[in-house]
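Let me begin by presenting the structure, written as structure tokens, before commenting on it.
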Amino acid sequence: MFDPHTLDLLMSHCPVCEKEFGYSQTFGVHYCDKCFRLDEYGHRQGAVDLRDFVQPAVEPDDPEAVDFITSLIDPYSTRRDQLWRLLPADLSELGRGSLFDAAIELSKLIDRDIRTFRPTGTAADTAKGIHPKSLELVGRAMLDWPHGLDVLVGTVQEFASKRPGFFGIVKEFGTLSNVLWSRTIPPMIQDRMRACLTSASFGQNAKSVRRVENRVQVGVETSTAIARKYGLCQRTVSAMARAGKLNAISLSGFRAAPLLIEEKSFQQVVFERRLRSNATQIAKPLGIPKASALRLAKFVFSSNLLSPDTPDLIQSCVSVLESIVQAAAEFATPFSGGIPLKDALIAVCYPTGDPWCSLFQGFALNKLPVVLVEGETSCTSRIRVRSLRDLTDSLSALQQKDGEDEFSNIVQAAIVLNTHYNNVLGLQRLGILPKQFRESDIYAACRMVAFSPEVIWRLSRIGIHVVPTTLTPFMAGQGIEPLAVSPLGNTKIWRRSDIERLLDAAQ
64 MFDPHTLDLL
74 MSHCPVCEKE
84 FGYSQTFGVH
94 YCDKCFRLDE
104 YGHRQGAVDL
114 RDFVQPAVEP
124 DDPEAVDFIT
134 SLIDPYSTRR
144 DQLWRLLPAD
154 LSELGRGSLF
164 DAAIELSKLI
174 DRDIRTFRPT
184 GTAADTAKGI
194 HPKSLELVGR
204 AMLDWPHGLD
214 VLVGTVQEFA
224 SKRPGFFGIV
234 KEFGTLSNVL
244 WSRTIPPMIQ
254 DRMRACLTSA
264 SFGQNAKSVR
274 RVENRVQVGV
284 ETSTAIARKY
294 GLCQRTVSAM
304 ARAGKLNAIS
314 LSGFRAAPLL
324 IEEKSFQQVV
334 FERRLRSNAT
344 QIAKPLGIPK
354 ASALRLAKFV
364 FSSNLLSPDT
374 PDLIQSCVSV
384 LESIVQAAAE
394 FATPFSGGIP
404 LKDALIAVCY
414 PTGDPWCSLF
424 QGFALNKLPV
434 VLVEGETSCT
444 SRIRVRSLRD
454 LTDSLSALQQ
464 KDGEDEFSNI
474 VQAAIVLNTH
484 YNNVLGLQRL
494 GILPKQFRES
504 DIYAACRMVA
514 FSPEVIWRLS
524 RIGIHVVPTT
534 LTPFMAGQGI
544 EPLAVSPLGN
554 TKIWRRSDIE
564 RLLDAAQ
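Numbering of the sequence shown is given in my numbering, commencing with residue 64 and proceeding in unit increments.
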């Protein structure tokens with residue numbers, strides 16, 4: 064939303080507490096009702112003056128069109144009458160209220176999702192979140208009536224065909240076709256819009272040919288084709304889609320529309336069913352529990368190390384898992400005392416640079432056993448333990464990069480830091496990093512993690528493994544011996560149960 068006179072964007076949430084404005088307390092129209100301070104007498108006063116937060120202004124490409132829409136409800140008669148003279152005589156008969164309702168409804172229909180459309184309701188219900196660009200298109204269409212609607216339909220048709228997830232008539236004209244049964248738009252505008260849509264429909268190829276072209280999408284098949292390809296009943300496939308197990312799209316513009324299903328999601332469901340039915344056959348050669356084997360196999364499929372078209376899929380899956388288990392065994396070999404194979408699998412959950420990274424990292428995220436590693440360990444040529452030094456090296460490289468040092472989202476920060484986004488997200492969940500954080504905040508977080516064993520454990524529970532330099536004396540002071548020690552003595556692994564029992568006793 065924006066101010067129609069100054070074109071400044073309006074705030075709906077407090078920039079300090081990030082809560083939506085309301086009427087719980089009254090400090091003045093320019094104060095947040097949630098933030099307060101106590102004066103010298105102990106009375107509550109407004110603490111956040113919204114006038115101190117300057118908002119950017121909207122810069123429309125067609126200011127006259129936006130001014131016309133906003134002038135329909137302008138309280139000043141001078142500005143209202145001045146822009147009303149620009150309107151063609153045919154539309155001036157409808158009145159300002161009807162035109163404003165029609166303008167708001169058309170603006171919402173331009174970029175509205177078909178799944179959220181409701182033919183009932185008033186303009187006041189849908190006035191929130193309208194993009195100024197939509198107001199420009201609708202305002203210009205009204206000022207250039209009746210040919211302005213032809214331009215509006217052509218503009219919407221141009222970018223509607225590029226939007227994913229829409230098919231049929233909505234793929235051609237977006238949700239603008241819903242104007243034909245809207246109760247808010249006057250009949251005169253509906254009739255003209257119907258003529259524009261009809262003209263645009265027959266202005267290019269035949270409608271039936273164009274509809275088929277618009278339904279084409281890579282990786283999507285109808286439920287009938289999916290059922291025939293995999294030898295299943297169509298009702299079974301449709302029931303799985305209705306239950307939310309498959310990514311499905313229903314064609315719009317038809318009463319009994321076919322169901323489009325993403326084949327990748329269906330392949331994953333079929334793959335998991337085959338895994339469950341052959342769990343013993345997979346787990347027995349590996350010597351690990353069936354539950355762990357199933358989790359490993361799912362990560363193999365999600366990392367594209369295997370495809371559903373692979374001949375003898377189960378045997379191929381066993382071969383890939385054997386190589387993973389062998390790599391974990393190579394990691395466990397240099398340690399004295401022996402490490403359980405399931406713990407060895409978790410200890411190598413931070414390789415980098417190849418598809419194995421998502422496999423091993425998924426172990427901890429999937430709530431499999433977790434171990435803490437101190438020191439740096441080179442496991443194999445492609446697998447190594449992620450340490451705190453790796454993270455600090457990434458931060459040092461980041462200092463040499465040009466540009467802003469503030470990250471607006473965790474994915475961007477994770478890519479720059481060469482780490483998984485769950486690591487950054489976990490630091491935010493623990494309150495170590497704020498929502499908007501800088502490079503210096505990450506350094507401070509690393510120092511905090513390095514000197515707080517309890518925080519180390521909390522991080523490990525959500526899949527973050529660090530290497531503190533003070534963990535050894537802390538564990539030795541508590542009388543806890545490591546599970547295994549490397550030959551050089553620079554790497555130690557402790558049991559998860561010992562650390563958990565220690566923290567529970569401390570609480």
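No residue lacks a Cβ here, since even glycine has one placed at the ideal position from N, Cα and C.
- Relative to GLY307, the option among GLY294, GLU325 and LEU295 whose CA is nearest is GLU325.
- In the structure shown, ARG291 adopts helical secondary structure according to DSSP, grouped into three states.
- Below 8 Å, enough C-beta pairs join the stretch 111-131 and the stretch 197-215 to call them touching: three or more.
- Taking a contact to require three or more Cβ pairs closer than 8 Å, the stretch 248-259 and the stretch 159-168 qualify as touching.
- Counting along the chain, the unbroken beta strand (DSSP E) around LEU101 starts and ends at 99-101.
- A direct Cα-Cα distance of roughly 11 Å separates THR69 from GLN118.
- Annotation for GLY109: the continuous beta strand (DSSP E) segment containing it runs 107-109.
- Comparing C-alpha distances from LYS171 to each of ASP153, SER197 and ARG107 shows the shortest one belongs to SER197.
- Of the residues assessed, GLU168 falls on the buried side of the cut-off, its CB having 16 or more other CB atoms within 10 angstroms.
- Boundaries cannot be given for LEU149, as no alpha helix (DSSP H) includes it and DSSP labels it neither H nor E.
- Judged by DSSP secondary structure, ALA302 falls within the alpha helix (DSSP H) whose first and last residues are 297-305.
- Following the DSSP letters along the chain, one finds VAL129 inside the alpha helix (DSSP H) bounded by residues 126-134.
- Straight-line measurement puts the Cα of LEU150 at about 41 Å from the Cα of LYS82.
- Contact between CYS95 and PHE84 holds, since their C-beta atoms are separated by about 7 Å, short of 8 Å.
- Short of 7 Å from the beta carbon of TRP208, and not among the five residues preceding or following it, lie these beta carbons of its own chain, in chain order: PRO151, ASP153 and LEU154.
- The C-beta of SER286 has 16 or more other C-beta atoms within 10 Å across all chains shown, which makes the residue buried.
- Less than 8 Å divides the Cβ of LEU309 from the Cβ of VAL332.
- The beta carbon of THR218 lies closer than 7 Å to those of LEU200 in the same chain, with the five residues before and after it left out.
- Of the candidates GLU544, LEU212, LEU206 and ASP66, LEU212 places its Cα closest to the Cα of ARG257.
- Taking the CA atoms as reference points, VAL111 sits about 8 Å from VAL79.
- Here LEU384 is actually not in contact with ALA354; their C-beta atoms are around 14 Å apart, not less than 8 Å.
- Between the C-alpha atoms of ASP254 and ILE173 there is a straight-line separation of about 18 Å.
- PHE65 counts as buried, since no fewer than 16 other beta carbons sit within 10 angstroms of its beta carbon.
- Burial is judged here by how many other beta carbons sit within 10 angstroms of a residue's own beta carbon; SER382 has fewer than 16 and is exposed.
- Contact between PHE131 and LEU72 does not hold, since the beta-carbon distance rounds to 20 Å and is not under 8 Å.
- Residue state for HIS194 is assigned as coil, using DSSP reduced to three classes.
- By the 16-neighbour rule on beta-carbons within 10 angstroms, GLN220 is buried.
- Annotation: the continuous alpha helix (DSSP H) that includes ASP164 extends over 159-173.
- The three-state reading of DSSP puts ASP112 in strand, counting E and B together.
- Per DSSP, HIS210 has no beta bridge partner at all.
- If only uninterrupted alpha helix (DSSP H) runs of at least 4 residues are considered, those enclosed by the stretch 331-363 are 342-349.
- Look at THR285 here: in three-state DSSP terms it is strand.
- When secondary structure is reduced to three states using DSSP, PHE84 falls in the coil class, being assigned neither helix nor strand.
- Here DSSP, grouped into helix, strand and coil, assigns ASP254 to helix.
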